[in-house]
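Numbering (my numbering), first residue to last: 2 to 113.
Beta carbons are placed, not taken as given, at the ideal position from N, Cα and C, and that holds for glycine.
No experiment lies behind these values; they were computed from the predicted model shown.
Each remark here refers to the structure printed beneath this line.
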């Protein structure tokens, strides 16, 4: 995983939103992109892939808009995804077949 020591303004905005997701909830790359007024959920994923603030920015709480677990630490399979699932489950999020029920666990950001 590539980490950066001086994140862009965009990345800092992504991290600030991610930090608002409470334990036991998730958000999506698409939801964060929408709140930031951009169309690219992939840009959100790239910012999180380089997250230098793992202790303060819980990027494991961001998943695909389909409910799929998505990536973690720059990977889409393997031990990193297992780690993401374990972290989410330890916070009370139910993960079935690498999928999360968004109707139950989706965090909604407050407007304005």
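Annotation: residue 51 is outside any alpha helix (DSSP H) and is labelled neither H nor E by DSSP.
Of all C-beta pairs linking the segment 45-62 to the segment 7-16, three or more are shorter than 8 angstroms, placing the two stretches in contact. A Cβ-Cβ distance of about 6 angstroms is found for the pair residue 106 and residue 26, placing them in contact under the 8 angstroms criterion. Nearest neighbour of residue 70 by Cα position, chosen from 24, 21 and 28, turns out to be 28. If you look at residue 103, you'll find it in the alpha helix (DSSP H) that goes 103-106.
Residue 68 and residue 7 have their alpha carbons spaced roughly 31 angstroms apart.
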